[in-house]
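Engineer:
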């Protein structure tokens, strides 16, 4: 009946969804834990108090100054050109000067603000103040310093625990990857800020209707439409997914309904000749071709970082062994963007802190997700949707340098939220001890 290992895997996965929904239904009949661990009892409102506001002011100033030093070092050493760290920054500068010249001639290309908005914004700044990259870098470090404040309010709105919010905000403010990417001319600081603000607006609107979250959501979506049009549509889907009912008795019917829809679609596509859920086309996708993955790693790292020593072709669904290897490779590169045994470029070294933190805190991520499901299900759902929705988009649909080292930074604040929460839920270990000794 089924002609490939992939089709069998999809059927097993769908049946597993149904079985999981059934088990959850049985669990819902028993008593449900609703209280968080003693160490995580809510200690604040969803809005920062006076002490938290002073902390946020210091955080903004510290984050801005650290990034300002980064801009100064990059400018004095000409590191962008000398180390070939960010060719895109040089491109924004060139395009910005050309657009500024067009504006001086009276040509303002309004339609080009969609998707190419950061080029247009750079040109506008150059047109008003002169073609100096420092102007754009100042905007970016301001956005980079503001993003942790948004993340603080997001985490506080989800868990109502001031300590958790402060730790996550500190990580976003001073995490090496966040600092570095916000010191360049790229549009990533605005993207990270907009997505974090969008998630906060969704959480606020789930608690109750208000004009401020609606305005924040509108501005965030407009910013994303201007700098990354595809992300605008992705975020529309993520917003819709964030409003799934997940509380009380509505959870099980929803899961059963979704499982039924998946089974129905799988059956329909199989009878239509496309394989279960389009398995015949998925099997041919280069994103599950181990040789393609291998060559992508080589291209990204300029000759090093190959995942396999010898060329080989092992496509997802070809046989059980190749399917298992392709699945493992896909999962590995879903979370880890480089081969740790073959680091051969400066950009790989800059991604190393992010990767090491993710690897060390993966158990905490699982704990945080599990505890959030029990103790903050309604509030944490948008955070989980945005975290894994963005990872799925970039892990499955992009294999260039941006996807590996820049674009996935948009999901990292949400992952760090669950990781830090998981550390505190666990309540022991060296990382927990370090965080408990930190003074804010």
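Residue numbers (this note's numbering): 161 to 600.
Ideal Cβ positions, reconstructed from N, Cα and C, are used throughout, including at glycine.
For clarity, every value in this text was computed on a predicted model and none was experimentally measured.
Tell me the residue span of the alpha helix (DSSP H) that contains residue 567.
Structural biologist: In the chain shown, residue 567 corresponds to position 407, counting from 1. Element bounds for residue 567: n/a, residue is neither H nor E.
Engineer: In chain order, which alpha helix (DSSP H) runs of at least 4 residues are fully inside the stretch 264-337?
Structural biologist: 273-289, 293-319 and 322-334
Engineer: Residue 323: buried (16+ other C-beta within 10 angstroms of its C-beta) or exposed?
Structural biologist: What you label residue 323 is simply residue 163 of the chain shown in a count that begins at 1. By the 10 Å Cβ count, residue 323 comes out buried.
Engineer: May I have the straight-line CA-CA distance separating residue 346 from residue 481, to the nearest angstrom?
Structural biologist: By 1-based counting over the chain shown, the position of residue 346 is 186. By 1-based counting over the chain shown, the position of residue 481 is 321. Each residue's alpha carbon lies about 41 Å from the other.
Engineer: Would you kindly check if the distance between the Cβ of residue 306 and the Cβ of residue 335 is under 8 Å?
Structural biologist: One-based indexing of the chain shown puts residue 335 at position 175. One-based indexing of the chain shown puts residue 306 at position 146. Against a cut-off of 8 Å, the Cβ pair of residue 306 and residue 335 comes out as no contact.
Engineer: Under 8 Å by Cβ, that's how I've got residue 524 and residue 532 pegged, so tell me the actual separation to the nearest angstrom.
Structural biologist: Within the chain shown, numbered from 1, the residue matching residue 524 stands at position 364. Within the chain shown, numbered from 1, the residue matching residue 532 stands at position 372. Incorrect: roughly 12 Å between the Cβ atoms, too far for contact.
Engineer: Would DSSP call residue 584 helix, strand or coil?
Structural biologist: Position 424 of the chain shown holds residue 584. Looking at residue 584 - three-state DSSP - the assignment turns out to be helix.
Engineer: When the Cα of residue 579 is compared with those of 520, 321 and 265, which residue comes out closest?
Structural biologist: Here residue 579 refers to the residue found at position 419 when the chain shown is read from its first residue. Ranking the options by Cα distance to residue 579, first place goes to 520.
Engineer: Around the C-beta of residue 342, are 16 or more other C-beta atoms found within 10 angstroms, so that it is buried, or is it exposed?
Structural biologist: For the purposes of this step, residue 342 is taken as residue 182 along the chain shown, with counting starting at 1. Here residue 342 is buried, its C-beta having at least 16 other C-beta atoms within 10 Å.
Engineer: Report yes if the CB atom of residue 231 is closer than 8 Å to the CB atom of residue 294, and no otherwise.
Structural biologist: Here residue 231 refers to the residue found at position 71 of the chain shown. Here residue 294 refers to the residue found at position 134 of the chain shown. Closer than 8 Å, so yes.
Engineer: Using the Cα positions of residue 399 and residue 542, report the straight-line distance between them to the nearest angstrom.
Structural biologist: For this step, residue 399 is matched to residue 239 along the chain shown. For this step, residue 542 is matched to residue 382 along the chain shown. Near 8 Å, if we compare the C-alpha coordinates of residue 542 and residue 399.
Engineer: Could you name the residues of the same chain whose beta carbon sits closer than 6 Å to that of residue 192, not counting the 5 residues immediately before and after it, in chain order?
Structural biologist: Numbered from 1 along the chain shown, position 32 holds the residue referred to as residue 192. With a pLDDT of 40 at residue 192, under the threshold of 50, the modelled position of this residue cannot be trusted, and the question is left open.
Engineer: Have a look at 325, 329 and 582 and flag the residue whose alpha-carbon is nearest the alpha-carbon of residue 222.
Structural biologist: To locate residue 222, count along the chain shown from 1; it is residue 62. Among 325, 329 and 582, the Cα nearest to that of residue 222 belongs to 329.
Engineer: Quick check on this structure: which residue in 296, 269 and 263 has the alpha carbon closest to the alpha carbon of residue 287?
Structural biologist: Taking the chain shown and counting its residues from 1, the one referred to as residue 287 is at position 127. The option with the nearest alpha carbon to residue 287 is 263.
Engineer: Within the 8 Å Cβ cut-off, does residue 577 reach chain C?
Structural biologist: The chain labelled as chain C is not found in the depicted structure, where only one protein chain is given.
Engineer: Would you call the stretch 355-371 and the stretch 265-284 touching, i.e. three or more CB-CB distances under 8 Å?
Structural biologist: no
Engineer: Given residue 278, which residues of its chain have a CB within under 6 Å of its CB, disregarding the five upstream and five downstream residues?
Structural biologist: Position 118 of the chain shown holds residue 278. So the qualifying residues of the chain are 347 and 387.
Engineer: Going by CA-CA distance only, name the one from 325, 594, 246 and 254 that's closest to residue 208.
Structural biologist: Working through the chain shown from its first residue, we reach residue 208 at position 48. That would be 325, whose Cα lies nearest to the Cα of residue 208.
Engineer: Do residue 260 and residue 283 have their CB atoms nearer than 8 Å?
Structural biologist: Taking the first residue of the chain shown as 1, we reach residue 260 at position 100. Taking the first residue of the chain shown as 1, we reach residue 283 at position 123. Yes.
Engineer: DSSP on residue 574, reduced to helix/strand/coil?
Structural biologist: Looking up residue 574 in the chain shown gives position 414. Correct three-state label for residue 574: helix.
Engineer: Taking residue 348 as part of the alpha helix (DSSP H), name the residues at either end of that continuous run.
Structural biologist: As a first step, residue 348 is located in the chain shown; it is residue number 188 there, counting from the start. Element bounds for residue 348: 348-367.
Engineer: Under 8 Å, do residue 583 and residue 575 count as touching if we go by C-beta distance?
Structural biologist: Residue numbering aside, residue 583 sits at position 423 when the chain shown is read from its first letter. Residue numbering aside, residue 575 sits at position 415 when the chain shown is read from its first letter. With a cutoff of 8 Å on beta-carbon distance, residue 583 and residue 575 are scored as not near each other.
Engineer: Hey, would you say residue 344 sits closer than 8 Å to residue 211, going by beta carbons?
Structural biologist: Indexing the chain shown from 1 puts residue 344 at position 184. Indexing the chain shown from 1 puts residue 211 at position 51. Against a cut-off of 8 Å, the Cβ pair of residue 211 and residue 344 comes out as no contact.
Engineer: Indicate the three-state DSSP secondary structure (helix, strand or coil) for residue 214 in the structure shown.
Structural biologist: Taking the first residue of the chain shown as 1, we reach residue 214 at position 54. In the structure shown, residue 214 sits in a helix (DSSP, three-state: H, G or I).
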